[in-house]
Amino acid sequence: MPQQLSLQPMSKKVRVRFAPSPTGGLHLGGVRTVLYNYLFAKKHGGDFVLRIEDTDQTRYVAGAEEYIFNCLQWAGLVPDESPMHGGNFGPYRQSERKAAGIYQQYADKLIEQGYAYYAFDTPEELEKMRMDYKTEENPSPQYDHKLRMKMRNSLSLSSEETNQLLAAGARKVVRIKMPQNETVSFTDMIRGEVSFDTALVDDKVLLKADGMPTYHLAVVVDDYLMQISHAFRGEEWLPSAPVHVLLWKYLFGLEAMPQWAHLPLILGPNGKLSKRDGAKYGFPVFAMNWTDPKTNELTEGFKEKGFLPEAFINLLALLGWNDGTEKEIFSKEELVDAFSMERVHAAGAKFDYEKAKWFNHEWIKKLPIHNYQLAIMNELEATSISITDNLQFEKILNLVKDRCTLLPDFVQQAGFFFKAPQQLDVAAVKPKWTDEKKTFFETFIETVLQQADFTPLALENAFKELAAANNIKPGELQLPLRIMLVGGKFGPPVFDIAVLLGKEETAARIKYALTIF
RNA sequence: GGCCCGUUCGUCUAAGGGCUAGGACACCACCCUUUCACGGUGGUGAUACGGGUUCGAAUCCCGUACGGGCUACCA
């Protein structure tokens, strides 16, 4: 249900950002987040920033950053500012920003003001704490106000001990000190007012032992330094929003905080859409093919599956948003025009592959052939068909496009124009085949070759005249002719096919088929 | 377990207190088509449950149930 919320007056320019972590493929939810960011920015004449969150060394996957950029390029959602494009607010990689000491100084500031503290606990100690305090009612104990004084940190230790540890260069992290009884609330552009009791939120790590910031610190610091005005992300971030709000309050003031919107999740058959769902149910979940360099596992993408980028962003936009009318087919420009965050749904949307294909079908029918001619040529060349005559090619594609849902369908629907069918559906003809029909076609070969006006209509008339002369119903002859030319019971009107094939080829295919029937 | 978010046809959704709860995908039937599709017409099909507020509730409030998310030195 759309909320009636007015946007805060936009004193500063609209700047939104997408901040993926380069840890693998770009899934549907990720692309939709980019899309909504992009649409919102463009609608308000703002900027769209791509920031790379490569702060987790253990999960970083080589090549993923370029992959993400390629996906955005294919979908037509290239950012204004990014590591690839420059801009005035770089660096755009968190690893590079860490090197500049940007995060450290803000962590220090928080500690000075008593909003954060050093924690020296080792992973083993944390593990032990979780085991020791685990009960039936509380299966996952948190590092929070109830337990922090039982741990080793600058709050529980004396200042001498703390200083000694610091001087000795002990392994340490910086944690936020969550207030014990405060209610943190903020206005989400989609959900309205959301509030949290800080006593129930844990002391999240802000700066890791390796000096890298966690997402929590990075997102706040970067949004501030990059002057981000609106921050849109998936709903899975909602539970950590109070940490971010508090950080904004401590560091930069709530007035400077961007407007938040937590986008509904895209769901698979059971729960949040995952890579596994795609493999299990046979549909793509990534924008483009992604091969994990560690496991060599390939996850198929929408692009390679034969989706048009126009259809892809269209179907994604409509998964959780609509403009209030019955319009469903939107170009990117139309989306920019119609989009509003207030009309984004609060509830998660289950992905429906059948509807996704419908969108693609609509776009194949709608778009002029030349928009995707190259992609089809690639599909055909993969089956060792090469195109020489572009004009002819375009005519053929226009003839069959209504019958194609995904790009590879063109191979089935148009392949026979370039390569005689390998197999003829003999079973569809045999039972009713007669010597009279054979005679008819032997004569028809001559008709074709001598046809002066070689157009579909003229050829059809000639075909019917000859049929009448032979005392056979034309209907009984059309299916055999079709099988001769295309191999099966499919395709556009048969005389259109014959004309595009040309006299010689049509005659040759009939002649060959007669040797089989 | 705790916290947060959510709940209208199978799916995506419209309806911001007031027509018979509308559309799209999928499904079914018919028409068009001497192929397969496209297209056209029609059909099956939903307000989770219980209370309240109100002349009137899908809509506002409360509770219950159910679903999802989070609960890492991952994002």
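Going by the working numbering, the letters in the first sequence line up with residues 27 to 543, in that order. For glycine and all other residues, C-beta sits at the position ideal for the given N, C-alpha and C. These figures come from a predicted structure and were not determined experimentally.
Nearest neighbour of residue i, chosen from the options [CA to CA]
i: Lys537; options: Phe467, Leu527, Phe516 and Ile509; result: Phe467
i: Met110; options: Gln120, Phe95 and Arg123; result: Phe95
i: Ala408; options: Pro434, Pro165, Trp389 and Tyr64; result: Pro434
i: Leu232; options: Met367, Leu485 and Gln130; result: Gln130
i: Gly346; options: Ile292, Pro506 and Met157; result: Ile292
i: Arg43; options: Ile355, Trp316 and Gln253; result: Gln253
i: Thr325; options: Lys301, Leu344, Asn348 and Leu342; result: Lys301
i: Lys549; options: Phe222, Glu368, Glu502 and Pro295; result: No answer is possible for residue 549: it lies beyond the span of the chain, which begins at 27 and ends at 543.
i: Asp229; options: Met177, Leu65 and Asp236; result: Met177
i: Thr541; options: Gly116, Thr465, Cys430 and Leu103; result: Thr465
i: Gln139; options: Thr81, Ile202 and Leu192; result: Ile202
i: Leu417; options: Leu526, Pro268 and Ile128; result: Leu526
i: His53; options: Ser184, Phe309, Glu531 and Arg508; result: Phe309
i: Ser266; options: Ala126, Tyr159, Pro290 and Tyr241; result: Tyr241
i: Phe385; options: Lys376, Phe377 and Ile355; result: Ile355
Sequence-distant residues of the same chain with beta carbon closer than 8 angstroms to residue i, five excluded per side
i: Lys135; result: Leu277
i: Ala282; result: Tyr250 and Trp274
i: Ala133; result: Ala142, Val200, Leu232, Leu233, Pro239 and Leu243
i: Pro319; result: Val87, Ala88 and Gly89
i: Glu420; result: Ile395, His396 and Gln399
i: Ala305; result: Thr325
i: Pro115; result: The residue asked about is misnamed: residue 115 is Phe in this sequence, not Pro. Excluding positions up to five away in sequence, the list reads Val75, Glu107, Leu251, Met252 and Gln253.
i: Gln449; result: Gly513
Boundaries (first-last residue) of the beta strand (DSSP E) holding residue i
i: Arg259; result: His256 to Gly260
i: Glu219; result: Gly218 to Asp223
i: Trp286; result: Gln285 to Leu289
i: Arg41; result: Arg41 to Phe44
i: Val525; result: Taken as a continuous stretch (DSSP letters only), Val525 belongs to no beta strand (DSSP E), being part of the alpha helix (DSSP H) at Val520 to Leu527.
i: Val231; result: Val231 to Leu233
i: Tyr143; result: Ala142 to Ala145
i: Val199; result: Val199 to Ile202
i: Phe74; result: Asp73 to Leu76
Close-in-space but distant-in-sequence residues of the same chain around residue i (CB under 7 angstroms, 5 per side omitted)
i: Val512; result: Phe442, Pro447 and Ile523
i: Gly514; result: Asp451
i: Ala382; result: Leu341
i: Trp263; result: His288
i: Gln168; result: Asp228
Own chain residues within Cβ distance below 6 angstroms of residue i, not counting five before or after
i: Ala45; result: Arg77 and Glu79
i: Met27; result: Per-residue confidence for Met27 stands at a pLDDT of 31, beneath the threshold of 50, marking its modelled position as unreliable; the derived number appears in the next sentence. Closer than 6 angstroms at Cβ, skipping near neighbours: no residue.
i: Asp106; result: Asp73 and Phe74
i: Lys198; result: Tyr144 and Phe146
i: Gly113; result: Glu107
i: Glu530; result: none
Residue burial classification, residue i (beta-carbon count within 10 angstroms, cutoff 16)
i: Leu475; result: exposed
i: Gly327; result: buried
i: Lys124; result: buried
i: Ile339; result: buried
i: Gln120; result: buried
i: Leu226; result: exposed
i: Ala494; result: exposed
i: Glu187; result: exposed
i: Ala343; result: buried
i: Arg85; result: exposed
i: Met36; result: Unreliable positioning characterises Met36 in this predicted model, as indicated by a pLDDT of 44, which lies under 50. The coordinate reading is nonetheless provided below. Exposed is the call here.
i: Gly195; result: exposed
i: Met367; result: buried
i: Gln83; result: exposed
Range of the contiguous alpha helix (DSSP H) that encloses residue i
i: Ser180; result: No alpha helix (DSSP H) holds Ser180; DSSP gives it neither H nor E.
i: Val362; result: Lys358 to Ala364
i: Phe443; result: Counting along the chain, Phe443 falls outside any alpha helix (DSSP H), and DSSP gives it neither H nor E.
i: Ser211; result: It is not in any alpha helix (DSSP H) - Ser211 instead sits in the beta strand (DSSP E) that spans Thr209 to Asp214.
i: Ile128; result: Ile128 to Glu138
i: Asn296; result: Careful: Asn296 lies outside any alpha helix (DSSP H) and carries neither H nor E.
i: Pro482; result: Pro482 to Ala495
i: Ile94; result: Ala90 to Ala101
i: His242; result: Tyr241 to Leu251
i: Gly12; result: Here the chain covers residues 27 to 543 and nothing more, so residue 12 does not appear.
i: Gly501; result: Pro500 to Val512
i: Ser121; result: Gln120 to Ala125
i: Pro434; result: Taken as a continuous stretch (DSSP letters only), Pro434 belongs to no alpha helix (DSSP H), as it is neither H nor E.
i: Phe338; result: Pro335 to Ala343
i: Lys464; result: Asp461 to Gln476
Check: residue i C-beta below 7 angstroms from any heavy atom of the ligand GTP
i: Leu65; result: Questions concerning the ligand GTP fall outside what the structure shown contains, since it holds no ligand whatsoever.
Inset, instruction - Check whether the stretch 415 to 427 touches the stretch 448 to 462, taking contact to mean three or more Cβ pairs, one atom from each stretch, closer than 8 angstroms. - result: no
Inset, instruction - Indicate whether the contact test is met: 3 or more Cβ pairs, each with one atom in the stretch 365 to 380 and one in the stretch 388 to 404, closer than 8 angstroms. - result: no
Inset, instruction - Please determine if the stretch 475 to 492 and the stretch 380 to 400 are in contact, where contact requires at least 3 C-beta pairs separated by less than 8 angstroms. - result: no
Inset, instruction - State whether the stretch 43 to 63 contacts the stretch 84 to 93, with contact taken as three or more CB pairs (one from each stretch) at a distance under 8 angstroms. - result: yes
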